[in-house]
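When the letters of the sequence shown are read in order and numbered with the working numbering, they come out as residues 233 to 527. In this text, a Cβ means the ideal position worked out from N, Cα and C, and glycines have one as well. Just below is one structure, and these are the notes that go with it.
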Amino acid sequence: MDTNKLSNKARLLHLSALSLAQGMKSGSFKSLYRGHGIEFDGVREYLPGDDVRSIDWNVTARMGHPYVKMYEEERELDVLVILDVSESMNSYSENKSKLLTALEAASLITLASYQNASPVGCVIFDGQIKFSCPPRPGLNQTMLLLSNFEKNEAAPKSEQTKGSVLDNAIRGAGRLLKKRSLVMIFSDFRTASWTEPFDALCQKNDVVCVRLVDAFDENLPDVGSVRFSDPETGLNQVLPTSSSNFKSQWRDFNFNRVEQWKHECLRRGGIPLLLKTSVDPLAELTRFFAAREVQ
Numbered sequence: 233m234d235t236n237k238l239s240n241k242a243r244l245l246h247l248s249a250l251s252l253a254q255g256m257k258s259g260s261f262k263s264l265y266r267g268h269g270i271e272f273d274g275v276r277e278y279l280p281g282d283d284v285r286s287i288d289w290n291v292t293a294r295m296g297h298p299y300v301k302m303y304e305e306e307r308e309l310d311v312l313v314i315l316d317v318s319e320s321m322n323s324y325s326e327n328k329s330k331l332l333t334a335l336e337a338a339s340l341i342t343l344a345s346y347q348n349a350s351p352v353g354c355v356i357f358d359g360q361i362k363f364s365c366p367p368r369p370g371l372n373q374t375m376l377l378l379s380n381f382e383k384n385e386a387a388p389k390s391e392q393t394k395g396s397v398l399d400n401a402i403r404g405a406g407r408l409l410k411k412r413s414l415v416m417i418f419s420d421f422r423t424a425s426w427t428e429p430f431d432a433l434c435q436k437n438d439v440v441c442v443r444l445v446d447a448f449d450e451n452l453p454d455v456g457s458v459r460f461s462d463p464e465t466g467l468n469q470v471l472p473t474s475s476s477n478f479k480s481q482w483r484d485f486n487f488n489r490v491e492q493w494k495h496e497c498l499r500r501g502g503i504p505l506l507l508k509t510s511v512d513p514l515a516e517l518t519r520f521f522a523a524r525e526v527q
């Protein structure tokens with residue numbers, strides 16, 4: 233590993249992460265996610281002006297008049313990054329792959345967490361769990377995660393395990409976390425077995441699902457018949473990209489697949505976010521956190 237290269241890259245990302253960190257401060261999450269950044273501290277009788285959303289309906293029913301929940305702000309917000317480095321993430325139609333976009337975004341989240349003095353950890357996977365580390369604070373932890381991101385950016389295909397164990401990564405993440413945390417999942421979600429463990433993870437944490445997409449996921453270029461190989465399944469087939477009917481079916485299929493993914497995320501308590509390879513991850517993440525803050 234080139235430590236000088238990594239340090240220089242970290243400094244550049246660190247400067248970019250400063251603005252992102254402002255949107256991730258623990259205090260801000262009180263308005264971003266219900267219960268996030270705060271711990272339950274008991275109940276008291278309802279007073280005029282209290283937020284009705286804080287009413288504890290179970291206690292209210294027992295006591296016969298309204299009670300509200302009280303919270304105590306946490307000093308630290310734990311953050312966990314789940315990063316998909318499977319072969320399908322290496323596909324791209326423009327200048328940058330889904331993997332490189334995800335690595336940059338994961339690095340920004342890691343550095344923004346460090347800027348906020350928040351413990352941060354990660355789970356990296358392809359067809360197996362490649363690296364796993366619970367949230368910890370400090371510069372050494374931050375550099376450890378960045379170095380592992382760097383390794384997977386430069387890893388040859390021969391070192392990749394086929395398939396995707398997103399389900400196992402999500403289960404593993406749940407075991408790493410000791411308190412309610414912010415979990416950021418970076419993946420193309422090209423597997424059908426993630427929803428059950430995701431459901432359990434969302435019950436105890438605030439989970440943002442970042443789906444990586446590129447131009448080919450929405451529109452195919454008109455380049456005639458092209459042989460397509462699925463890196464996850466090994467399936468090979470010829471795509472008639474000059475056929476307007478096929479291109480329409482392709483768009484509809486991918487649109488419906490994304491809509492179904494959004495539905496599954498929201499239904500189970502997660503927050504979906506599309507991250508295109510053609511956009512700046514810093515700008516998109518900053519916009520996302522800023523938008524959540526005002527909701």
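Chain C within 7 Å of residue i, Cβ atoms only
{"i": "N384", "result": "The structure shown contains no chain C, having only a single protein chain."}
Close beta carbons around residue i, own chain, < 8 Å, minus the five adjacent residues each side
{"i": "I361", "result": "V355, V397, N400, A401 and G404"}
{"i": "L409", "result": "D310, L312, P366, P367, V415, K436 and N437"}
Same chain only: Cβ atoms within 6 Å of residue i, ignoring 5 sequence neighbours per side
{"i": "T292", "result": "P298 and Y299"}
{"i": "P429", "result": "D399, I402 and R403"}
{"i": "G502", "result": "C434, V439 and C441"}
{"i": "W493", "result": "F421"}
{"i": "D449", "result": "N486"}
{"i": "F363", "result": "I356 and N380"}
{"i": "D282", "result": "V300"}
Proximity of residue i and residue j at Cβ, strictly below 7 Å
{"i": "N437", "j": "V415", "result": "yes"}
{"i": "K394", "j": "V445", "result": "no"}
{"i": "A349", "j": "F418", "result": "no"}
{"i": "P513", "j": "T333", "result": "yes"}
{"i": "R443", "j": "L517", "result": "no"}
{"i": "N384", "j": "V317", "result": "yes"}
Distance between residue j and residue i (C-alpha atoms, nearest Å)
{"i": "R519", "j": "I341", "result": "13 Å"}
{"i": "C497", "j": "W426", "result": "10 Å"}
{"i": "R422", "j": "W482", "result": "16 Å"}
{"i": "D358", "j": "G274", "result": "43 Å"}
{"i": "R407", "j": "N477", "result": "47 Å"}
{"i": "K411", "j": "L309", "result": "9 Å"}
{"i": "A447", "j": "L371", "result": "36 Å"}
{"i": "P351", "j": "C365", "result": "11 Å"}
{"i": "E277", "j": "R294", "result": "13 Å"}
{"i": "N327", "j": "P369", "result": "34 Å"}
{"i": "M321", "j": "A424", "result": "16 Å"}
{"i": "G484", "j": "S475", "result": "According to the sequence provided, residue 484 is Asp. The question's Gly does not apply to it. Roughly 14 Å between the two C-alpha positions."}
{"i": "H495", "j": "R489", "result": "10 Å"}
{"i": "L376", "j": "P504", "result": "28 Å"}
{"i": "A515", "j": "S413", "result": "23 Å"}
{"i": "N290", "j": "G296", "result": "10 Å"}
Close Cβ partners of residue i (< 7 Å) along its chain, the five nearest in sequence each way excluded
{"i": "S286", "result": "V300 and K301"}
{"i": "R500", "result": "T427, F430, D431 and C434"}
{"i": "R266", "result": "The pLDDT assigned to R266 is 40, lower than 50, so where the model puts this residue is not dependable, and the model offers no usable value."}
{"i": "D288", "result": "V275, Y299, V300 and K301"}
Buried or exposed (CB count within 10 angstroms, at least 16 for buried), residue i
{"i": "K330", "result": "buried"}
{"i": "P367", "result": "buried"}
{"i": "E491", "result": "exposed"}
{"i": "S510", "result": "exposed"}
{"i": "G353", "result": "buried"}
{"i": "L378", "result": "buried"}
{"i": "L191", "result": "Because residue 191 is not part of the residues shown, which for the chain are 233 to 527, the question remains open."}
{"i": "S323", "result": "buried"}
{"i": "Y480", "result": "At residue 480 the sequence reads Ser, which differs from the Tyr that was named. Per the 10 Å Cβ criterion, exposed."}
Could you tell me whether the stretch 333-353 touches the stretch 309-321, using the rule of 3 or more Cβ pairs below 8 Å?
yes
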